[in-house]
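Protein chains in written order, with this note's numbering: chain U, 1 to 249; chain C, 1 to 449.
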């Protein structure tokens, strides 16, 4: 019967990048973020195209003194033309949480004919929130999409507020710590590809959550190809790694 | 009324080796004249390793309990011709007796299911093989006799239509979709917000009774059709219009192809839908009124056609709006490009002027250098010239003095000549031989006679 064989729309998984664009990110850090995300988008698109379960769409929220979506709706990775983010201003991470919560809704970003997988959210920051982060995070914690989603954070350098990032991930293991440009680029790529791969496939039989699977896979990826200064899930290293943000070319 | 049910293994189970964990049933009980449709979706996680058995058992105890309920409760109890709905934990005002009766039904299902799984575990104790892949804390629970329900966990969705009333009830996800006689398609049982993505309430919850939600209505012939689908179905089609269109497709097939072909086609299609859609186990159970099947199906199809035409019209408007937006953006972009080109040209002019000015500055600087060289040459030669000038000034002074002295001498000579000529009676300037020509008198051709 043709009526039972109509093509079905794939479900959608939205990959969110929340990018700290405060002035402390200026220079090598924001340059590495721009470079890494631009380069990883075609690979995310490959995962999306070769995936029967879901297509992947990408949304990028930059926050500094205020917040701004790079595009007004999630875009297919193939359509996403990366526009370099410029760094200037404060670190309104609380407002970024509130804005993410507003968009994680069926009346906003989460509308799709074919339904959704839980979203994946990657937060990148090098500093302390300068606004009311706790209130913003509380608002986000009331959002079911966020609570069911994959949450990973990349702490850029020793000045990053790793406690805040761990609260965001609801899991300190979800925070990956980087101290130089090369590590930052590698970890962004690893985290983005891992979350895309795991987040966009139907649930497996494993008892671990997708969040748990992502963290384990990223740790394994880091272990296999350990960048010079990456630490995963360690909020208080015995001796903080020395930051090096000057070798950007 | 007629009905049918089918469950099939999900595509993903082919790789995991897990059995189909869904169970479903359609039954017509002649004694009570009751049609029953049930779908149970056993949970997929490793902790729920006997959920296939749990869902099968749940279907069985639900069937038996519904039949006892119908036999034990007079139809008049549910004769109110209004749609009564209760979300999880709700107790609709004015329908306390019915709510109590349904609560007893749910309690009985839970109790019998628990009895059933305990018996199953006694007859076939949990094996080490089954516990592989289960988290250690959960293994400990099972080994110490706790949380056995989790191993058998399942959702439950049921609809029964007795003489004079119908009841639908639900714990967990999946969707119950009703096609009413008056042309509406809706979900009679209120949704439980705790069922979200892969989270669901379950018969294995500690407070399972509070998770039951229901709807019932009396006083009529019942709806035209009711479809129960597990989450494998609605994860493939979504929970909106596409899901409704799929169920309407089943009704169309019943009209066009007849009952047997439709049942066979559906059974054959569900695995493919799982493969193309959710990859999950798929279950559908439904009842429909075969009287007026053609007419009512055409009514819903007409309504769907009308909605699709509206959708098409809306899509056309969207396209128009998007084209308009694209054209506006294209025009703005062209304008911006032109503006950029103009500014680029203007900038080229500025660059040219800057170059020319820089050249002039360079030439000026070169001229300045040359002049400076002259200045330096002048300044270096000036002392010499000053000295020359001073010398010349002195020489001039001497020459002037000499001249004055010569003139004085000459005057003296002339004076003496005049004196001598006066003495000699010679006219002034005349010599003895003729008029004399003085040294300072020019011969202008007008000689004095």
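Cβ coordinates follow ideal geometry from the N, Cα and C atoms, glycine included.
Min CB distance residue i to chain C below 8 Å
| i | result |
| --- | --- |
| residue 46(U) | no |
| residue 4(U) | yes |
| residue 148(U) | yes |
| residue 120(U) | no |
| residue 111(U) | no |
| residue 115(U) | yes |
| residue 53(U) | yes |
| residue 144(U) | yes |
| residue 13(U) | no |
| residue 8(U) | yes |
| residue 205(U) | Here the model assigns residue 205(U) a pLDDT of 44, short of 50, so the residue's position is not dependable and the matter cannot be decided. |
| residue 69(U) | no |
| residue 228(U) | The pLDDT assigned to residue 228(U) is 48, lower than 50, so where the model puts this residue is not dependable; a value taken from the coordinates is nonetheless given after this. It does not: the Cβ of residue 228(U) has no partner Cβ on chain C nearer than 8 Å. |
Boundaries (first-last residue) of the beta strand (DSSP E) holding residue i
| i | result |
| --- | --- |
| residue 147(U) | Where residue 147(U) is concerned, there is no enclosing beta strand (DSSP E), although the alpha helix (DSSP H) it sits in stretches over 144 to 148. |
| residue 285(C) | 282 to 288 |
| residue 11(U) | 11 to 20 |
| residue 67(U) | 66 to 69 |
| residue 85(C) | 84 to 86 |
| residue 197(C) | Element bounds for residue 197(C): n/a, residue is neither H nor E. |
| residue 123(U) | 120 to 125 |
Sheet register partners of residue i (DSSP bridge)
| i | result |
| --- | --- |
| residue 166(C) | 161(C) and 217(C) |
| residue 175(C) | 229(C) |
| residue 368(C) | Bridge partners of residue 368(C): none, in fact. |
| residue 180(U) | 244(U) |
| residue 5(C) | 285(C) |
| residue 39(C) | 24(C) and 157(C) |
| residue 29(C) | 34(C) |
| residue 62(U) | 19(U) and 68(U) |
| residue 76(U) | 57(U) |
| residue 189(C) | In the DSSP output, where bridge partners are listed per residue, residue 189(C) has none listed. |
| residue 152(U) | 122(U) |
Test item: CB-CB of residue i and residue j under 8 Å
| i | j | result |
| --- | --- | --- |
| residue 193(U) | residue 47(U) | yes |
| residue 169(C) | residue 213(C) | yes |
| residue 10(C) | residue 282(C) | yes |
| residue 56(C) | residue 151(C) | no |
| residue 92(U) | residue 63(U) | yes |
| residue 161(C) | residue 1(C) | yes |
| residue 45(U) | residue 23(U) | no |
| residue 159(C) | residue 37(C) | yes |
| residue 236(C) | residue 24(C) | no |
Chain U within 8 Å of residue i, Cβ atoms only
| i | result |
| --- | --- |
| residue 300(C) | no |
| residue 225(C) | no |
| residue 370(C) | no |
| residue 254(C) | no |
| residue 7(C) | no |
| residue 53(C) | no |
| residue 106(C) | no |
| residue 277(C) | yes |
| residue 286(C) | no |
| residue 281(C) | no |
| residue 238(C) | yes |
| residue 79(C) | no |
| residue 315(C) | no |
Element boundaries [alpha helix (DSSP H), containing residue i]
| i | result |
| --- | --- |
| residue 257(C) | 241 to 257 |
| residue 100(U) | 93 to 103 |
| residue 143(C) | 136 to 143 |
| residue 86(U) | Note, residue 86(U): premise wrong, no alpha helix (DSSP H); not H, not E. |
| residue 55(C) | 51 to 72 |
| residue 219(U) | 210 to 224 |
The ligand SAM heavy atom lying under 7 Å from the CB of residue i
| i | result |
| --- | --- |
| residue 99(C) | Ligands displayed in this structure: none; no statement on the ligand SAM is therefore possible. |
For the segment 194 to 208 of chain C against the segment 148 to 161 of chain C, do three or more pairs of beta-carbon atoms, one drawn from each stretch, fall closer than 8 Å, so that the two count as touching? A contact exists between the segment 194 to 208 of chain C and the segment 148 to 161 of chain C.
Does the count of Cβ pairs from the segment 102 to 120 of chain U and the segment 230 to 249 of chain C closer than 8 Å reach three? Of all C-beta pairs linking the segment 102 to 120 of chain U to the segment 230 to 249 of chain C, three or more are shorter than 8 Å, placing the two stretches in contact.
contact_flag[the segment 26 to 34 of chain C, the segment 67 to 74 of chain C] where n(CB pairs < 8 Å) is 3 or more: Yes, the segment 26 to 34 of chain C is in contact with the segment 67 to 74 of chain C.
Taking contact to mean at least 3 C-beta pairs separated by less than 8 Å, is the segment 131 to 141 of chain C in contact with the segment 174 to 190 of chain C? The segment 131 to 141 of chain C is not in contact with the segment 174 to 190 of chain C.
Are three or more beta carbon pairs between the segment 44 to 53 of chain C and the segment 310 to 317 of chain C nearer than 8 Å? Contact fails: fewer than three Cβ-Cβ distances are below 8 Å.
Counting Cβ pairs, one atom from each stretch, are 3 or more of them under 8 Å apart for the segment 58 to 78 of chain U and the segment 96 to 108 of chain U? By the Cβ test, the segment 58 to 78 of chain U is in contact with the segment 96 to 108 of chain U, since at least three Cβ pairs between them sit closer than 8 Å.
Under 8 Å, with one C-beta from each stretch per pair, do the segment 14 to 30 of chain C and the segment 162 to 182 of chain U reach the 3-pair mark? Contact check between the segment 14 to 30 of chain C and the segment 162 to 182 of chain U: fewer than three CB pairs, one atom from each, fall below 8 Å, which does not count as touching.
Count the C-beta pairs between the segment 82 to 98 of chain C and the segment 188 to 198 of chain C that are closer than 8 Å, then say yes if the count reaches three, no if not. Because the criterion of three Cβ pairs below 8 Å is met, the segment 82 to 98 of chain C and the segment 188 to 198 of chain C touch.
Decide yes or no for the touch test of the segment 127 to 138 of chain U against the segment 160 to 167 of chain U: beta carbon pairs closer than 8 Å, at least 3 of them. Contact between the segment 127 to 138 of chain U and the segment 160 to 167 of chain U is established, with three or more Cβ pairs separated by less than 8 Å.
Using a Cβ distance threshold of 8 Å, determine whether the segment 66 to 75 of chain U contacts the segment 28 to 39 of chain U, with at least three qualifying pairs required. Contact between the segment 66 to 75 of chain U and the segment 28 to 39 of chain U is absent: fewer than three C-beta pairs spanning the two stretches fall below 8 Å.
Three or more C-beta pairs below 8 Å linking the segment 292 to 305 of chain C and the segment 245 to 265 of chain C: With three or more CB-CB distances shorter than 8 Å, the segment 292 to 305 of chain C counts as touching the segment 245 to 265 of chain C.
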